[in-house]
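Sequence lines, in order, name chains P and G.
All the letters of the first sequence, read from the start, carry residue numbers 7 to 411 under the working numbering.
All the letters of the second sequence, read from the start, carry residue numbers 973 to 1051 under the working numbering.
A short write-up of the structure that comes next.
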Amino acid sequence: MKRVVITGMGIWSCLGKSLDEVRDSLYNGKSGIILDPVRKEMGFRSGLTAKLDIPDLKGELSRSQRAYMPEQAKYAYCATIEALRNAKIDQDYLDKHDVGLLYGNDSSADPTVRAVDTMREKHDTTLCGSGAIFQSMNSTVTMNLGTIFHLRGINLTVSGACASGAHAIGLGALLIQTGLQDMIVCGGAQEVNPFSIGSFDGISAFSTREDAPEKASRPFDRDRDGLVPGGGAATIIIEEYEHAIKRGAPIIAEILGYGFSANGDHISSPNVEGPSKSLRMAIERAGIGINEIGYINAHATSTHVGDTNEAKAIFNVIGDAKIEVTSTKSQTGHEMWMAGASEVIYSMLMMKNNFIAANLNFENPDEDSAKLLIPAKRIEKHFDTFLSNSFGFGGTNATLIVRNM
Amino acid sequence: MEKQELIKKVNSVLAEEFEVEESIITPDANIKQTLELDSLSLVDMVALIENEFGVKIPSADLVKVQTFAALYDYLAERA
């Protein structure tokens, strides 16, 4: 099997619009969460959300290109520009090679709702405009990025709920390991608008700690009361090792293992067995011992059952090994379809800068989180290997293991 | 709406939407070429006209409206 390395990263998130900004936000424990009054006017149970700007791409992309892009495709474009630049890949390279594209995305509600509103009000489908169809499809990110960057390898959207971004990276790694692709642009994108998560709010999944938005996302804390929705986009460039060496690419890490499983159980409540299986599979495929893992970026979203069962799964697998476990969702909220990719980048930034960001708001453990080593304050630590979990509705699980290079 | 006023508004909304200099919009110029419209952005032009002037241009008529002058006349008769 061929080796898979990471040669570039880029991000657009509530913690910053570049790797440098995000690194500083992680280091300083900045929260990206606010209370959105618009959501309260719309009847949301919780108006909490991550806050980020929609990029203005006028002057950078043509009017037609922009017309087909919903917000998450714009986030993904900016993240990908940064990732390609860091990987030292220009348009000439993309034009001459069959570069693939696998991106996690699992909704595009805003343009869908707007088109339906137009149809209902005007009874004339032409008035939806030419962009509506391309913006509203689940594959909107990959169709937009693929045409903008002229990518001609695998082109596929991975829809695996909140594990979409992680599965995109894992599946990309498999394609490279088997020699089917030399390079793939991987990532995850998540729209941030009320329509996209209104029905999610409706099932009482969100924290209602509206009087203190920065305290609302509190993974593993005893007094957590739900997740906070977030979003943006994160891109990593993965590449076959020898291919990266030959072109003189900046090799920054290696993807050692991808584990996956499905719970085959409840549609929203996770269990312990499924995630445990995903963790074990990733470690086995990575061919490493537990003690080689220096940091675990948990999926933990700040929900009662989710965090409890993940804590149990992690403890099942690592036992008494002293490995720091945190959830960066304490700073970002739950970035859902993007999370699996963004959390690889957050972990990479920590690994490259020798620290582990604080698990914000971890004030009191519960019975299960007490068994894990969860730092409530940032710690300075060098580590060379991390594990990142992503779990999603329907019981889909993904685990990635990455080693420093 | 007076025809000169209509022409001014048509030129203004089309230039803004399709991001071209208004000065290149002349009566005899071809609409598709001037605004660089493909089959998809042509749909946006029809939607824009309908939203701004309340006039729907059916496909059968659209093929006859090739120049800006033809568009001004078409709208002047219906707006």
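Glycine is no exception: its CB is placed at the ideal position from the N, C-alpha and C atoms.
This one's a predicted model, so the numbers in the text were calculated from it and none came from an experiment.
- Look at LEU108/P here: in three-state DSSP terms it is strand.
- Taking a contact as a CB-CB distance under 8 Å, the pair GLN337/P and ALA195/P does not count as one, their CB atoms being some 19 Å apart.
- Residue environment: VAL198/P is assigned as buried (16 or more neighbouring CB atoms within 10 Å of its CB, all protein chains considered).
- Looking at LEU978/G, VAL1018/G, THR998/G, ASP1000/G, the one whose alpha-carbon comes closest to that of ASP130/P is VAL1018/G.
- Closer than 8 Å to the CB of SER114/P there is not a single CB belonging to chain G.
- For a Cβ distance threshold of 8 Å, residue set ALA1019, GLU1022, ASN1023 of chain G lies close to LEU133/P, ordered along the chain.
- Going by DSSP, THR391/P is part of the beta strand (DSSP E) stretching over 391 to 398.
- Close to SER70/P, with beta-carbon spacing below 8 Å, are these residues of chain G in chain order: ASP1010, LEU1012, SER1013.
- For GLU991/G, the C-beta contacts it makes with chain P under 9 Å involve LYS64, SER68, ARG69, in order along the chain.
- Under the DSSP assignment, ALA240/P falls in the beta strand (DSSP E) whose first and last residues are 238 to 246.
- Between ASP1033/G and chain P, the shortest Cβ-Cβ separation is not below 8 Å.
- Nearest Cα to GLU88/P within the set ASP30/P, TYR33/P, LEU25/P: LEU25/P.
- Under the Cβ criterion of 8 Å, ASP1016/G is counted among the residues facing chain P.
- Of the other Cβ atoms in all chains shown, fewer than 16 fall within 10 Å of the Cβ of SER210/P; this residue is therefore exposed.
- When only Cα atoms are considered, THR309/P and THR153/P end up about 38 Å apart.
- DSSP places GLN196/P in the uninterrupted beta strand (DSSP E) bounded by 189 to 196.
- The Cβ atoms of LEU108/P and CYS192/P lie closer than 8 Å to each other.
- Not one beta carbon of chain G lies nearer than 8 Å to the beta carbon of ALA121/P.
- For ALA304/P, the number of other beta carbons within 10 angstroms of its own is at least 16, and it is reported as buried.
- By alpha-carbon distance to GLY176/P, the top candidate from PHE399/P, PHE266/P, ALA93/P, ASP62/P is PHE266/P.
- Chain G has no Cβ within less than 8 Å of the Cβ of ALA79/P.
- Per DSSP, LEU406/P is one residue of the beta strand (DSSP E) stretching across 402 to 410.
- If you look at GLU88/P, you'll find it in the alpha helix (DSSP H) that goes 77 to 92.
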